[in-house]
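Chemist: Position one of the sequence shown corresponds to residue 5 (my numbering), numbered consecutively onward.
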Amino acid sequence: MLAASLAACSNGGGGTGGGAVGGGSLTVAAYSQPTLQANFNPFSPNALRGTMGLIYEQLFDFNTAGKFEFMPSLATKITWGDAGKALDVALDNRAKWADGTSLTADDVVFTFDYMKKHELLALPLTTATKTADGVRLQFSEPAYAIAQDIGRTAIVPAKIWESKDPDTDINAEPLGSGPYKLDRVTGQQASFKARKDYWKQRVTVGQINYVTTSSTNLLAQQLVRHEVDLAYAGIPDINQFVAKDPKKNHLWPVHASMKPLMLNLKRKPFQDVHVRKGLALALDREQIGKAYNPGVYAPVSPTGLYQEDWGDWIPEENRQPLAQDQQAALAEFAQAGYHKSGELLVGPDGKQLTLGVLTVSTFADGMAYATELVSQLTKIGIKATVVGAPAPGYTSRKNKGDYDAIYGDAFAFGSNPYNFYSSMLGAKSKLNTVGWNDPATETALATLAKASPEQQKEATLPLEKIMVDQMPVIPVLVKGTPYMWSTEHWTGWPDEKDPYTTPDPGAISGVYAAKLVLSLRPGK
């Protein structure tokens, strides 16, 4: 049996619960839509931020902002068995629901059975049963690669949810085990009050307000005036926020996903690997990354994995991002039958190579990056254009295959590379809109899916080689989510020096959210 590391993340957490809560409020710019609709159903895609982590707690997670260390929550440790087909989850026996009753293994078993019954579980789970110190989850196939998905299951009280319909119930009066209770929801704000009786520790932040912001310009002003404590959205000239008060204003771009240039592999000439390699070599990734809020996005290795976080997983020869090399690019194009005719790059038929790059027109950052990318391809003789479309039109054209190239999608790394590569390259993945379908890729993905944590690094190498040699997509930049915060009211934030969690209260990981708010302390 293989036990996950239980090393505690630095900063915050620990001790016994209960006692008076702290005062003050934390204001988070969490929404851009004008009106909020109350929904605290943890099984709904429309649940408001705070549902996970503040109200409902998940089992465990892995710290993707740090060194992928195990992060306990309701679970204190996990132990694999049966060659990855069984996971024993030890539960914290202190856990209590907000009504004072104990959260037990029965609730955990109920949650997994409930999700299976209502077809909400995207896991190959066969059974969930009680054990002496928690639950055993049995799977039909090795589940090492989806440990993070398992851990992010929000546990609900059986006594409440046995009579609820997860498809229709908005759960207006949620009862969870997390450190906060719902206070109220207005059109522009959802507020949560700290629990005095939270089972794990004293809660320092008395109230959390998730607010809507009508524009990025307004958000920039609110941040500078310290009306908002935390935001994670692109604002114009993001570095000016820090420059206005560098002692209190802080920025941390957490690099959690990769944004590639995606070519339609069902269209000629993009089926030719030499065309794809030529395009890859024509790009100056440093310049593209500087096109909007320099320092937030960064060049990424040709494997797609970010070399600063995954360097040990990447062979040295592929660790650095591809450098722009126009002569090498032209040599690749030549192998596909293209040559320069004056200033134009033309094919055997004498026609100039054309490329329309589809992106979301309403995203200022995406438009800026795509415009710089297109400018570089134009310089090598390609008739390249930006094809901007509003988000619904972008999605529609992407799903129908109505494009030459896409620059807008990003693929999350997660706690191991399986989900990253399978979502991007898997033949059955809905996110594989380029149409990559390769037997060697499928074999490599199947091998990685079954690999134990000790075997995963070696099992990832064939997929990295496919990315480098065949370029099913062209890695360009690692996407940084720009978390901005002020220490005017609260201190103890995670950053590059102490990346104990991702500073995103309300994201898919409730463990990240709870770890953050339980680690903050009043500002001086």
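Where a beta carbon is used, it is the ideal one built from N, C-alpha and C, also for glycine.
Just so it is clear, the structure is predicted and the values come from calculations on it, not from any experiment.
L267: which of S490, A409, F74, D313 sits nearest, CA to CA?
Modeler: What you label residue 267 is simply residue 263 of the sequence shown in a count that begins at 1. Looking at the Cα atoms, A409 is the closest of the given residues.
Chemist: Which residues share a DSSP beta bridge with P476?
Modeler: Taking the sequence shown and counting its residues from 1, one reaches residue 476 at position 472. As computed with DSSP, P476 is found in no beta bridge at all.
Chemist: How many Å lie between Y516 and D502 at the Cα?
Modeler: If you number the sequence shown from 1, residue 516 lands on position 512. If you number the sequence shown from 1, residue 502 lands on position 498. When the Cα atoms are used, Y516 and D502 turn out to be separated by approximately 14 Å.
Chemist: Using a threshold of 8 Å, state whether the C-beta atoms of L107 and K120 are closer than that.
Modeler: Within the sequence shown, residue 107 is the residue found at index 103, counting from 1. Within the sequence shown, residue 120 is the residue found at index 116, counting from 1. No, Cβ-Cβ distance for L107 and K120 is not below 8 Å.
Chemist: If you run the structure through DSSP and keep just helix, strand and coil, what is S379?
Modeler: Here residue 379 is taken as the residue at index 375 of the sequence shown, counted from 1. Note: S379 maps to helix in three-state DSSP.
Chemist: Could you tell me the boundaries of the beta strand (DSSP E) in which Q211 lies?
Modeler: Against the sequence shown, residue 211 aligns to sequence position 207. Run containing Q211: 211-216, per the beta strand (DSSP E) assignment.
Chemist: For a test of the three-state rule: what should DSSP assign to G392, helix, strand or coil?
Modeler: Here residue 392 refers to the residue found at position 388 of the sequence shown. G392: strand per DSSP, three-state reduction.
Chemist: Can you grab the Cα-Cα spacing for the pair V228 / P498, in whole Å?
Modeler: One-based indexing of the sequence shown puts residue 228 at position 224. One-based indexing of the sequence shown puts residue 498 at position 494. For V228 and P498, the distance between alpha carbons rounds to 20 Å.
Chemist: Tell me the rounded alpha-carbon separation between N175 and V277.
Modeler: The residue given as residue 175 occupies position 171 in the sequence shown. The residue given as residue 277 occupies position 273 in the sequence shown. Cα-Cα distance, rounded: 51 Å.
Chemist: Using DSSP's beta-bridge definition, name the partner residues of H254.
Modeler: Stepping through the sequence shown from its first residue, residue 254 is reached at position 250. The partner list for H254 (beta bridge, DSSP) reads W489.
Chemist: For E336, count neighbouring C-beta atoms within 10 Å of its own C-beta (all shown protein chains included) and say buried if the count is 16 or more, exposed if not.
Modeler: Here residue 336 corresponds to residue number 332 of the sequence shown, with the count starting at 1. Flag for E336 reads buried.
Chemist: By a C-beta neighbour count over all protein chains shown, 10 Å radius and 16 as the cutoff for buried, is G238 buried or exposed?
Modeler: Your numbering for residue 238 matches position 234 in the sequence shown. Its Cβ being crowded by 16 or more others within 10 Å, G238 is buried.
Chemist: Is L334 helix, strand or coil by DSSP?
Modeler: Within the sequence shown, numbered from 1, the residue matching residue 334 stands at position 330. Here L334 sits in helix by DSSP.
Chemist: Could you tell me the alpha carbon to alpha carbon distance between K281 and M471, rounded to whole angstroms?
Modeler: Looking up residue 281 in the sequence shown gives position 277. Looking up residue 471 in the sequence shown gives position 467. Between K281 and M471, the C-alpha separation is close to 11 Å.
Chemist: Give me the Cβ distance between G418 and L449, rounded to the nearest whole Å; I'm assuming they're in contact under 8 Å.
Modeler: Position 414 of the sequence shown, counted from the first residue, corresponds to residue 418. Position 445 of the sequence shown, counted from the first residue, corresponds to residue 449. Their Cβ separation, rounded to whole angstroms, is 14 Å, which puts G418 and L449 out of contact at 8 Å.
Chemist: Straight-line CA distance for Q37 to D508?
Modeler: Here residue 37 is taken as the residue at index 33 of the sequence shown, counted from 1. Here residue 508 is taken as the residue at index 504 of the sequence shown, counted from 1. When rounded, the distance between both Cα atoms is 18 Å.
Chemist: Measure the alpha-carbon distance for K483 versus A332 and round it to whole angstroms.
Modeler: One-based indexing of the sequence shown puts residue 483 at position 479. One-based indexing of the sequence shown puts residue 332 at position 328. Cα to Cα, K483 sits roughly 27 Å from A332.
Chemist: Going by Cα to Cα distance, which pick from Y236, L522, T485 is closest to G496?
Modeler: The count along the sequence shown starts at 1 and reaches residue 496 at position 492. Minimum Cα distance to G496 is reached at L522.
Chemist: My understanding is that L357 touches I478, with C-beta atoms under 8 Å, so please give their C-beta distance in whole angstroms.
Modeler: Within the sequence shown, the letter at position 353 stands for residue 357. Within the sequence shown, the letter at position 474 stands for residue 478. Their Cβ separation, rounded to whole angstroms, is 15 Å, which puts L357 and I478 out of contact at 8 Å.
Chemist: So, do the segment 359-366 and the segment 316-328 have three or more beta carbon pairs nearer to each other than 8 Å?
Modeler: Cβ pair count under 8 Å is below three, so no.
Chemist: Go ahead and pull the three-state DSSP assignment for R401.
Modeler: In the sequence shown, counting from the first residue as 1, residue 401 sits at position 397. Correct three-state label for R401: helix.
Chemist: Which residues in the same chain have their Cβ closer than 7 Å to the Cβ of G347, if we skip the five residues on either side of it in sequence?
Modeler: Along the sequence shown, read from residue 1 onward, the residue named residue 347 stands at position 343. Residue 347 is actually Glu in this sequence, not Gly. The residues are G385.
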